[in-house]
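Line by line, the protein sequences give chains A and F.
Its first residue numbered -11, the first sequence is counted upward by one per residue in the working numbering.
Its first residue numbered 507, the second sequence is counted upward by one per residue in the working numbering.
Even glycine gets a Cβ: it sits at the ideal position worked out from N, Cα and C.
The model shown is predicted, which means the values in this text are computed figures rather than measured ones.
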Amino acid sequence: MPLTLLGIGEKAKIVKLTGHSNLRQYLTELGFLLGNSVEILQQTFGNNLIIKLENTRMALDRTMALHIHIDMIEGGRQC
Amino acid sequence: MLTETTSEKKSNVEQKRKIIKIGLCGNPNSGKTCIFNALTGSRQHVGNWAGVTVEQKEGKVNFGEYEIRVVDLPGTYSLTAYSIEEVVARDFIIKEKPDVIVNIIDSTNLERNLYLTTQLIELGAKTVIALNMHDEAEHKGISIDKKKLGQLLGMPIIPTVGNRGHGIRELLGEVVAIYEKKEPLVRDQQINYGHEVEEELQKIQTEINKDRGLLDGFSTRWLSVKLLERDDEIVKEIRSTFPNQDAILKQVEKSQTHIEIRLNDETEIIMADNRYGFIKGLLQEVYRHRNADRRTISDRIDKVMTNRFLGVPILFGLLWVMFQATFTVGSYPMEWIDGLVGMISSFFTNIIPEGLVRDLVVDGVISGVGGVLVYLPNILILFFFISLFEDTGYMARAAFIMDRVMHTIGLHGKSFIPMIMGFGCNAPAIMATRTLENKTDRMITILINPLISCSARLPVYVLLAGAFFEEKAGNVIFGIYVTGIVLAILVGQLFRKTIFKGEASPFVMELPPYRLPLLKSVLIHMWEKGSIFLEKIGGIILAASIVIWFISAFPRNVEYSKNYSERVASIETQYDSRMATLNNPEEIEIITAEKTSQIDTIQAQQENERISKSYAGRIGKFIEPVLRPLGFDWKAGIALITGIAAKEIVVSTFGVLYQTGVEENEKSDGLREAVKRNMTPLTSLAFMFFTLIYIPCLGTMGIMYRELGSARWTLFAVVYGISLAWIVAFIVYQGGLILGFKG
């Protein structure tokens, strides 16, 4: 499922990147790697996100989040 | 700063010093600038934005018998041809061939930072790694086996804390060791791309090796890797230099197809994956992280600062504080400088005998340069805040908060950063658009940036608003800034709907952890930017002041329409005869004052006529018809023309044009009063709007030309600016007249 569906405090792993190869390469360089863990830290009204990606903090908008597909990790914390 | 030799032997040593050239390379937010500052201290040269094409910061440090020249490369995540910054950094490494590369790595973020390192490995660059912010990493429970990492990478590793200067000496020692080939760790390393890709790389290499004649500085393997990755720049390079280009490119295409069929993904992605595979392997050996899940203080701060309700108010609150401080705090040192300029002015008036030389020094140089110098405090305070935003990490949050708003003009949040920087100076702001990945996003951001009112325009507002709107000046100036922002948004929307159609590209950016800014580094950054203002004063503003004085002072002999000296004489005789009949000392005083004021009026009329017949007057009169509908006289016209060189010169021009010929005792009441005699509140308002919009200064135009890569678009920016300025000023002035204000 796309990253946009993840709620605040939930954790997941990246399983797939979609979109043009330039975009995927760029995401990869920023550290969006398959298997890396993501967690939603904050959401704004426009569904812009601040996420925890492994050990870094990333800000991204909804369109970008739609390119990142994830799988939930069991036992995600409720917040 | 590190090892200054004793002065008696200094010159001797300097002659013998060996020169080592190093490049600093690293991700954005890796603390590269801190390391650069710690290395070079004050001995650095910042690229002059105003037209000269120096893109890199350079500095020097003496270390033992070596002089180490440091070039600070732009911060990048990779060395592909994805963004201009990456190309600049890569070209430097390949073409300038620095002796050693210092790769600065954020220890808290090892995985991503090592990606750039893999590219340095492939380039075969002799590299030492500065494992920066290792204190922060330890604090976060990260441990890195430095010795093992160094062995695996074939690069020596020095832990550093840039903002405290830890590890800098060791880093320099390592640079020398590599330069002298005494570092046993250094060896050539390779990234293994797996069987399928390696086979194809071999084939391409064979093809390239068939004609090695033109190979210069490129390793064959690196070329093959880049070709396989569809790197535009390298494909161009091959096309222009290799005689057997067709065969090479054909092989590349064949290899790509082969790989993509076999591995079922695009070649670039496969290669990047393999690099990360290499990094993952490394990390498994050397990296441990305890309590990785912990929420950091930075996260807690973000809960407030980027909160969906509080984020925007906090941002605007901070901007408001910035402007308030700029004007209120800045007004005190401004008065001191003003007083000082006044003292210097009267000093020279006293020591130089009356004549052309005195006019040149006092009316030309001192009023022109001094008139602008008083704004130095305002400008430094503004830059202080901008540096503070950058150094704390808040700037990235501002981009995130404003992303939604920026989407309304078809841009994303990253475009907001150049807009804030534009409050300081448009030239570096336009350069900061390089972080935008999308070309049309970048074009729009560049084209609307001059509408963001830079600090050079501030003197014009402070002078005019201060003169005409007194205690409401702050609000008027704030209103002009807001107008600039609103216009930028409207123009951006218009461009997006007409010239650059399409959607905004998606937004993603790293939010570096909040850092407590070090006063020293904020001050260094403030000074870097502020000193450009001083350079301008010593250079272009000084030159312009002299030119403006010259064209307004010459020709000396004009034919007057009236005989002024005769009138003065007649008044004198008239009063003298009247006074002869008086005895009362009080009455005599009153009559004398009356006489002086009448004579002054006539002399001012004479000076006015002379100046209107000077060269400046003639030029001004020539363009006056265009500016009449806006309520500007020819003097304002001249100020606008000279202001193209640099906006501060508008004030210098007022200083020269409005103050020459005014009696000494009246000069003390300053430029404000002089301006008041020549403008009304309404014209001053129209004039401020015109100044806000009309044209980017020469320096900014130079940068625009370079960054847009097109003379046509630069010209477009100029033309639309002037047209828009005229329209806005026209509406303000004519609207004001209709509403019954005095024109």
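| Item | Value |
| --- | --- |
| Of the listed residues F:897, F:609, F:703, F:1246, nearest to residue 772 (chain F) (C-alpha basis) | F:703 |
| Buried or exposed (CB count within 10 angstroms, at least 16 for buried), residue 737 (chain F) | buried |
| Residue environment, residue 759 (chain F), which counts as buried when at least 16 other CB atoms sit within 10 Å | exposed |
| Meets three-Cβ-pair contact criterion under 8 Å: the segment 840 to 859 of chain F and the segment 914 to 928 of chain F | no |
| The segment 1186 to 1193 of chain F touching the segment 1138 to 1145 of chain F, judged by at least three CB pairs closer than 8 Å | yes |
| Close beta carbons around residue 1236 (chain F), own chain, < 7 Å, minus the five adjacent residues each side | 1135, 1136 |
| Distance between residue 1080 (chain F) and residue 1098 (chain F) (C-alpha atoms, nearest Å) | 12 Å |
| Coarse secondary structure for residue 694 (chain F), derived from DSSP in three states | coil |
| Pairwise C-alpha distance: residue 1223 (chain F) and residue 535 (chain F) | 32 Å |
| Short CB-CB distance (under 7 Å) between residue -9 (chain A) and chain F | no |
| Other residues of its chain near residue 965 (chain F): CB distance less than 7 Å, five sequence neighbours each side excluded | 878, 881, 1154, 1157 |
| Where residue 564 (chain F) sits in the DSSP three-state scheme | strand |
| Within-7 Å CB hit, residue -6 (chain A) to chain F | no |
| Neighbourhood of residue 1211 (chain F) by C-beta distance below 7 Å, restricted to the same chain and skipping five residues each side | 1217, 1220 |
| Residue 781 (chain F) beta carbon less than 7 Å from that of residue 663 (chain F) | no |
| Neighbour list for residue 1015 (chain F) in chain A, Cβ cutoff strictly below 8 Å | 46, 47, 48 |
| Any non-hydrogen atom of the ligand PLP within 6 Å of residue 627 (chain F) CB | Summarising the ligand content, the structure contains no ligands, and the ligand PLP is consequently not present. |
| Close-in-space but distant-in-sequence residues of the same chain around residue 919 (chain F) (CB under 7 Å, 5 per side omitted) | 905, 906, 908, 909, 912, 1013 |
| Alpha helix (DSSP H) runs contained entirely in the segment 903 to 990 of chain F, provided each spans 4 or more residues | 922 to 930, 932 to 937, 945 to 954, 964 to 975 |
| Beta-bridge partners of residue 665 (chain F), as assigned by DSSP | F:637 |
| 8 Å contact criterion, which residue 955 (chain F) and residue 936 (chain F) should meet: CB distance rounded | 5 Å |
| Backbone CA spacing between residue 638 (chain F) and residue 610 (chain F) [nearest angstrom] | 6 Å |
| Residue 898 (chain F) and residue 1019 (chain F) closer than 7 Å at C-beta | no |
| Any alpha helix (DSSP H) of 4 or more consecutive residues that is wholly inside the segment 715 to 762 of chain F | 726 to 734, 738 to 747 |
| Cβ-based contacts, 8 Å cut-off: residues of the segment 771 to 782 of chain F near chain A | 772, 774, 775, 778, 779, 782 |
| Three-state secondary structure assigned by DSSP to residue -11 (chain A) | coil |
| Check whether residue 17 (chain A) and residue 793 (chain F) have beta carbons under 7 Å apart | no |
| Distance, residue 803 (chain F) Cα to residue 1200 (chain F) Cα | 46 Å |
| From F:573, F:1075, F:614, residue whose alpha carbon lies closest to that of residue 648 (chain F) | F:614 |
| First and last residue of the uninterrupted alpha helix (DSSP H) at residue 832 (chain F) | 817 to 857 |
| Contact under 7 Å by Cβ, residue 643 (chain F) with residue 677 (chain F) | no |
| Beta-ladder partner(s) of residue 1071 (chain F), from DSSP | Partner(s): none; residue 1071 (chain F) has no beta bridge. |
| For residue 38 (chain A), the residue or residues it bridges with in DSSP | A:30, A:47 |
| Limits of the unbroken beta strand (DSSP E) element including residue 5 (chain A) | -1 to 5 |
| Any chain A beta carbon closer than 7 Å to residue 615 (chain F) | yes |
| C-beta contact flag for residue 492 (chain F) and residue 993 (chain F) at 7 Å | Any answer about residue 492 (chain F) is impossible in this case: the structure gives chain F only from 507 up to 1249. |
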